[in-house]
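Written out below as C-alpha cells is the structure these notes cover.
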Amino acid sequence: MKAVNYIGAAKFKEQCLALLDSLDTQGLVITKHGRPVARVIPYPDSPGALIGCLKGKISVDGDLLSTGLSWDANDQS
Numbered sequence: 004m005k006a007v008n009y010i011g012a013a014k015f016k017e018q019c020l021a022l023l024d025s026l027d028t029q030g031l032v033i034t035k036h037g038r039p040v041a042r043v044i045p046y047p048d049s050p051g052a053l054i055g056c057l058k059g060k061i062s063v064d065g066d067l068l069s070t071g072l073s074w075d076a077n078d079q080s
C-alpha cells in the first residue's frame, strides 16, 4: 500500500491542476506550517447505491411488531 503524499498549501496552490490530474487512489494531504489541514481524494467512479445495499444480508426472526405481552385495550385497571 502506497503512503499518502503530503504537500504544503503554497506548493499545492501553485501546482493545483497538475496535482489533480496525477492524483492517485491514496490522495494527498495539504499542510500549513507542517500541520495537516485538508485531504484531497479522488471522487469514486461509481458510488454504490444505499437503497438495497443490505438486501439478502439481514434476516428477521419472529414478529417485529409484537412485544411478547398480551394486553387488553379495554381493560381499565
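Position one of the sequence shown corresponds to residue 4 (the numbering used here), numbered consecutively onward. Glycine included, every Cβ here is placed at the ideal spot set by N, Cα and C. None of the values given here were measured: they were computed from a predicted structure.
What runs of the beta strand (DSSP E), each 3 residues or longer, lie entirely inside the segment 31-61?
Those beta strand (DSSP E) runs which fall completely within the segment 31-61 and span 3+ residues are 31-35, 38-43.
Between the alpha carbons of TYR59 and GLY51, how many angstroms are there, rounded?
Contrary to the premise, residue 59 reads as Gly rather than Tyr in this sequence. Distance between the alpha carbons of GLY59 and GLY51: 16 Å.
What is the rounded straight-line gap between the Cα of LEU22 and the Cα of VAL32?
About 11 Å.
Determine the direct distance from the alpha carbon of GLY65 to that of GLY37, and round the result to whole angstroms.
Those two C-alpha atoms are separated by around 56 Å.
Got a sec? Which residues, its chain only, sit under 7 Å from VAL7 by beta carbon, not counting five neighbours each side?
Here the set comprises GLN29, GLY30, LEU31, VAL32.
Output yes or no for whether 8 Å exceeds the beta carbon distance between LEU34 and GLY11.
It should be pointed out that residue 34 corresponds to Thr in this sequence rather than to Leu. The answer is yes: Cβ separation under 8 Å.
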